[in-house]
Amino acid sequence: MSHILIVEDEPVIRGALRKLLERHDHSVTEAESVEQAREQGLGQCDLIISDLRLPGEPGTALIEMAGSVPVLIMTSYASLRSAVDAMRQGAVDYIPKPFDHDEMLLAVERVLKEGRINRGNRVLRRDLERSYPVHAMIGECEAMRELKHRISRVGPTHTPVLILGEAGTGKELTARALHEHSERAGAPLVTVHCAALPKALQLQELFGDEERAGRIEEADGGTLFLDEVGELTPEAQSRLLTLLEQGEIHRQESLAARRVDVRVIASSQTELPARVSDGRFRDDLYYRLNVMELELPPLRERDEDVEELARALLARSREKMRRGELFFTEEALAAMRRYAWPGNVRELENVIERAVILSEEDGIGPAQLGLNPNRTPQRQSRASLDPSEDLSLEDYFTRFVLENQDNMTETELAQKLGISRKSLWERRQRLSIQRPKRGSRR
């Protein structure tokens with residue numbers, strides 16, 4: 064059992080985080096300030112999770128006090144730049160507030176598994192990302208064999224790659240595979256989730272300013288992966304084109320050009336060509352990125368891979384949940400083969416993790432999977448939503464977004480739903496809930 068110290072001055076957030084961690088078998092203590100945390104003793108903890116802004120001393124003050132104990136920083140979207148600074152001071156990572164429960168748990172498990180060594184040897188987040196091994200790409204259907212072949216051919220080159228595919232098909236995993244197959248494998252792989260970046264912060268986050276390097280410079284010598292590149296603003300697109308054409312960037316408010324050696328890999332949902340056609344994405348940038356295109360097959364087109372994937376994900380979930388031997392019944396395997404998997408491999412992973420939690424016997428059957436092959440998520444009008452009906456989580460999400468998107472920004476919607484902007488964007492795509500047209504409030 065790991066012991067975690069939460070340092071947060073908001074009782075509601077502190078209590079919610081404590082309950083979340085205790086449900087996953089962590090021992091938790093709390094503090095309202097750096098001073099109170101110091102009094103409790105930091106050396107007995109396996110991890111400290113601290114808000115960046117606290118009464119008195121900031122959360123970053125804990126980094127030096129904690130010695131070899133890793134510090135995970137929580138911060139609002141408006142303070143992302145400060146969070147990057149915190150990592151430069153030695154924080155192992157940061158989580159935007161309001162935090163997504165799954166993202167928080169993954170970050171906690173990742174840090175604990177890495178077993179942070181002394182503070183002087185802590186690494187930046189980019190090095191932490193680089194240190195993770197690339198999991199084998201599972202699947203031997205024809206489409207996957209062709210994908211692996213293309214990765215082996217284009218990986219060792221410096222060619223830009225555009226990865227297309229539905230949400231949950233493994234675009235980030237593919238980018239990691241390309242990086243690991245390249246001569247840059249020993250250098251950083253820096254991932255930027257463009258959909259999660261507020262548009263006002265994109266230029267500063269990517270290109271930096273006079274005092275701080277941006278994410279592109281952090282990737283110097285290595286690989287820059289731009290996830291959902293279609294979400295970049297026109298100015299960010301223009302500057303990215305300059306990087307691809309000239310190998311140079313300009314920091315914000317600086318006239319001096321800086322040479323940067325990065326390989327650019329980008330990803331998008333399959334509608335990126337449509338964005339080019341209607342003028343939302345630069346055609347010259349599209350062709351620069353699309354020197355080599357890799358299109359990932361949806362899981363519904365990989366029937367022969369579903370069972371192999373399910374068994375591998377079951378083994379991973381068993382280890383994560385510390386469960387004994389578990390197996391799928393033949394009925395469960397048949398149900399998984401029949402299901403359309405609109406959320407692709409990510410949905411399969413979530414379904415299996417839920418089944419591992421719910422299963423009280425060694426055999427996992429259709430009841431634990433909870434699949435409904437006849438149900439396809441659809442956008443509903445406000446008039447069709449009956450507030451008295453028993454809504455599923457997806458129905459609730461659809462209803463809430465449709466009723467509030469005209470008078471809330473994307474950040475406000477995400478906050479109310481308790482998820483990240485990236486999660487909100489991905490669920491919109493999966494459930495076919497489009498944002499309001501330009502001119503509506505974002």
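In short: position in the sequence shown from 1, add 63, done, that's the working numbering.
Using N, Cα and C, we set each Cβ at its ideal position, and we do this for glycine too.
The beta-carbon separation of Val354 and Pro219, rounded to 15 Å, does not stay under the 8 Å limit for a contact. Counting only runs of at least 4 residues, the region 300–364 fully encloses the following alpha helix (DSSP H) elements, listed from N- to C-terminal order: 335–340, 346–352. The continuous alpha helix (DSSP H) containing Phe270 extends over residues 265–270. Judged by beta-carbon spacing, Pro336 lies beyond the 8 Å limit of Asn407, meaning their Cβ atoms are not closer than that value. Sorting Gly342, Thr296, Gln332, Leu269 by C-alpha distance to the C-alpha of Ile312 places Leu269 at the top. Taking the Cα positions, Val70 is about 19 Å away from His87. The Cβ-Cβ distance between Val134 and Ala154 falls below 8 Å.
Contact between Gln492 and Gln332 holds, since their C-beta atoms are separated by about 6 Å, short of 8 Å. CA-to-CA, the gap between Pro405 and Arg379 works out to about 22 Å. The beta carbons of Val327 and Leu289 sit about 7 Å from each other, so the pair counts as a contact at 8 Å. The beta carbons of Ser139 and Leu117 sit about 13 Å from each other, so the pair does not count as a contact at 8 Å. Assignment of Glu93 by DSSP, reduced to helix, strand and coil, places it in the strand class. Pro499 and Leu318 have their alpha carbons spaced roughly 37 Å apart.
Taken through DSSP and simplified to helix, strand or coil, His256 comes out as strand. The bridge partners DSSP lists for Val134 are Ile111.
For the set Ile415, Ser301, Leu241, Lys160, the Cα lying nearest the Cα of Ser486 is the one of Lys160. In this structure, the CA atom of Ala79 is about 41 Å from the CA atom of Glu367. Taking 8 Å as the upper bound for CB-CB distance, Ile76 and Ile112 are not in contact here, some 11 Å apart. When the beta-carbon positions are compared, Leu396 and Ala418 stay at least 8 Å from each other. Between the region 274–293 and the region 460–470 there are fewer than three inter-stretch CB-CB distances shorter than 8 Å, so the stretches are not counted as touching.
Counting only residues of its own chain and dropping the five nearest sequence neighbours on each side, Lys211 has a CB closer than 7 Å to the CB of Met200.
Of Tyr402, Ala248, Tyr349, Ala258, the smallest CA-CA separation from Arg484 is found for Ala258. Membership of Thr286 in any alpha helix (DSSP H) is not indicated; the residue belongs instead to the beta strand (DSSP E) covering 286–290. Counting along the chain, the unbroken alpha helix (DSSP H) around Val217 starts and ends at 205–217. Between Leu225 and Leu352, the gap from beta carbon to beta carbon is short of 8 Å. The continuous stretches of alpha helix (DSSP H) do not include Val155, and DSSP gives it neither H nor E. Taking 8 Å as the cut-off, the Cβ atoms of Arg101 and Met128 count as close. As a beta-bridge residue in DSSP terms, Val224 pairs with Ile328, Met355.
For Ile420, the enclosing alpha helix (DSSP H) covers residues 407–421. Judged by their CB atoms, Glu410 and Gly231 are nearer to each other than the 8 Å cut-off.
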